[in-house]
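K.L.:
Numbering (this note's numbering), first residue to last: 155 to 521.
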């Protein structure tokens, strides 16, 4: 990885825009740190291109013989062999596809060679990709030492871009809030933005104990965007799990210090009003006493609010401070927020009045 490549590293939206603009002719290879959402770009492309079919190929789990099999044919009494391609590649459909060659540089040589030709020439075994198809591949940065290598002539065939790790706010607005991830996890990330710091910006690993760092002795786990999503699932399903088991699961997912941080935030749940109290008595439901707890109740509403108690929530929200109102309003306006919820909330009279009273929140301000 060159200094220039890192300086011009792209976020998820930029990678997707590049693939849409040039992916029909240029093979885009996406490099990035482990767990930072490289594969997610393919699913974002799938959402953005409803006319295309997503075809996912895990290049590390296949051998050369999995790419196609021989089929006997005959012509004027002369037998010959034709190869039939694996349906996972999408060449058989005749329709535009988004072909994701995941972890391509870690694949065996017998797999890499034909797939490199496919990515460049868009053809394999006489089967051709639809002209509008997009080909992308993913891999880790060489600096991580995970075995990602291409030969020089192969590098010349691709457009290589680095996908940078999202900032805390990007992760919240583009992924966590739209996906309705656990409020405890969202609050911890919002208030501890170093959870998603790139380890290359931390020369001394002791300066950030949360992140995976190759120079940290004995630090087997750390926080990645992927790990946070898995930790959110654990928190959502903690019923029936004692705190000892919960913390063990979090340590095994995002590392020791981050797990301790999440456990601390989870204790704030006692300061949150129940959803039933907000729905049934929004003017008297308990108000959180800390900023962290206020974040949590707001994130919870973004993920769960429905039409039948939206008025009650807005009544309750009007009792909270301006930061909570800003967090909720900006969460609703994010382009990737649930469109059905977004439309429902923006048509609510109380929400409309709040937007008028605090109109600055619909400029370029961030959470």
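We put the CB at the ideal spot given by N, CA and C, even for glycine.
I want to know whether the segment 185-196 touches the segment 373-382 - three or more CB-CB distances under 8 Å.
P.N.:
With the cut-off at 8 Å, the segment 185-196 and the segment 373-382 touch.
K.L.:
Nearest CA to the CA of residue 338: which residue from 280, 453 and 474?
P.N.:
Comparing Cα-Cα distances from residue 338 to each of 280, 453 and 474, the minimum goes to 453.
K.L.:
Could you compute how far the alpha carbon of residue 404 sits from the alpha carbon of residue 168?
P.N.:
Rounded to whole angstroms, residue 404 to residue 168 spans 31 Å at the Cα level.
K.L.:
In terms of residue numbering, what span does the alpha helix (DSSP H) encompassing residue 437 cover?
P.N.:
Per DSSP, residue 437 belongs to no alpha helix (DSSP H) and is neither H nor E.
K.L.:
On the DSSP bridge assignment, give the partners of residue 209 in chain order.
P.N.:
According to DSSP, which records beta bridges pairwise, residue 209 is partnered with 253.
K.L.:
So what does DSSP say about residue 217, is it helix, strand or coil?
P.N.:
Note: residue 217 maps to coil in three-state DSSP.
K.L.:
Do the segment 361-376 and the segment 398-418 meet, that is, are 3 or more Cβ pairs less than 8 Å apart?
P.N.:
The segment 361-376, when compared against the segment 398-418, does touch it at the 8 Å Cβ threshold.
K.L.:
Identify, in the order they occur along the chain, each residue of the same chain with its Cβ nearer than 6 Å to the Cβ of residue 440, setting aside the five sequence neighbours on each side.
P.N.:
The answer, listed in chain order, is 427.
K.L.:
Taking just the CA atoms, how far does residue 302 sit from residue 492?
P.N.:
For residue 492 and residue 302, the distance between alpha carbons rounds to 36 Å.
K.L.:
Taking the C-alpha atoms as reference points, what is the distance between residue 495 and residue 178?
P.N.:
Near 34 Å, if we compare the C-alpha coordinates of residue 178 and residue 495.
K.L.:
Short check: CB of residue 499 to CB of residue 486, under 7 Å?
P.N.:
Cβ distance < 7 Å, so residue 499 and residue 486 count as in contact.
K.L.:
Grab the span of the alpha helix (DSSP H) containing residue 405 for me, first residue to last.
P.N.:
Here the alpha helix (DSSP H) through residue 405 covers 397-408.
K.L.:
So the alpha helix (DSSP H) residue 510 belongs to, where does it begin and stop?
P.N.:
From DSSP, the alpha helix (DSSP H) with residue 510 extends over 503-511.
K.L.:
Do you know whose CA, among 180, 206 and 341, lies nearest residue 309's CA?
P.N.:
Taking only the C-alpha atoms, the option nearest residue 309 is 180.
K.L.:
Taking a contact to mean a Cβ-Cβ separation below 7 Å, would you say residue 299 touches residue 259 in this structure?
P.N.:
Taking 7 Å as the Cβ cut-off, residue 299 and residue 259 do not qualify as a contacting pair.
K.L.:
Tell me the residue span of the beta strand (DSSP E) that contains residue 297.
P.N.:
No beta strand (DSSP E) holds residue 297; DSSP gives it neither H nor E.
K.L.:
Straight-line CA distance for residue 482 to residue 462?
P.N.:
Roughly 18 Å between the two C-alpha positions.
K.L.:
Buried or exposed: residue 161, going by 16 or more other Cβ atoms within 10 Å of its Cβ?
P.N.:
The residue in question, residue 161, is exposed, as its Cβ has fewer than 16 Cβ neighbours within 10 Å.
K.L.:
Should residue 319 go down as buried or exposed, given a rule of 16 or more other Cβ atoms within 10 Å for buried?
P.N.:
Classification for residue 319: buried.
K.L.:
Take the Cβ of residue 275 as the centre, count every other Cβ of all protein chains shown within 10 Å, and call the residue buried at 16 or more, exposed below.
P.N.:
So residue 275 counts as exposed.
K.L.:
Let me confirm a value: residue 291 is counted as buried when at least 16 other C-beta atoms fall within 10 Å, else exposed. Which label applies?
P.N.:
Buried: at least 16 other Cβ atoms inside 10 Å.
K.L.:
Do residue 244 and residue 209 have their CB atoms nearer than 7 Å?
P.N.:
Yes, these two residues count as a Cβ contact at 7 Å.
K.L.:
Use the C-beta contact count for residue 206: other C-beta atoms within 10 angstroms, 16 or more gives buried, fewer gives exposed.
P.N.:
Looking at its Cβ environment, which holds 16 or more other Cβ atoms inside 10 Å, residue 206 is buried.
K.L.:
Does the distance between the C-beta of residue 474 and the nearest non-hydrogen atom of the ligand NAD fall short of 6 Å?
P.N.:
As presented, the structure is devoid of all ligands, the ligand NAD included, so that no description of it is given.
K.L.:
Evaluate residue 371 with the Cβ neighbour count: other Cβ atoms within 10 Å of its Cβ, from every protein chain shown; 16 or more gives buried, anything less gives exposed.
P.N.:
It counts as exposed.
K.L.:
When we look at the beta-carbon of residue 344 and count the other beta-carbons within 10 Å, is it buried (16 or more) or exposed?
P.N.:
Its Cβ being crowded by 16 or more others within 10 Å, residue 344 is buried.
K.L.:
Across which residues does DSSP place residue 314 in a beta bridge pair?
P.N.:
DSSP, once it has assigned bridges, lists 183 as partnering residue 314.
K.L.:
Less than 6 Å between C-beta atoms, sequence neighbours within five positions excluded: which residues of the same chain meet that for residue 159?
P.N.:
Here the set comprises 316.
K.L.:
So residue 273 packs on residue 255, CB below 8 Å; how close in whole Å?
P.N.:
At roughly 7 Å, the Cβ-Cβ gap stays under 8 Å, so residue 273 and residue 255 are in contact.
K.L.:
Please report how far the alpha carbon of residue 388 lies from the alpha carbon of residue 277, in whole angstroms.
P.N.:
The straight-line gap from Cα to Cα measures roughly 43 Å.
K.L.:
Can you check DSSP and say which residues form a bridge with residue 293?
P.N.:
Answer is 185, bridged to residue 293.
K.L.:
Strictly by DSSP, which residues pair up with residue 170?
P.N.:
Residue 170 is not bridged to any residue.
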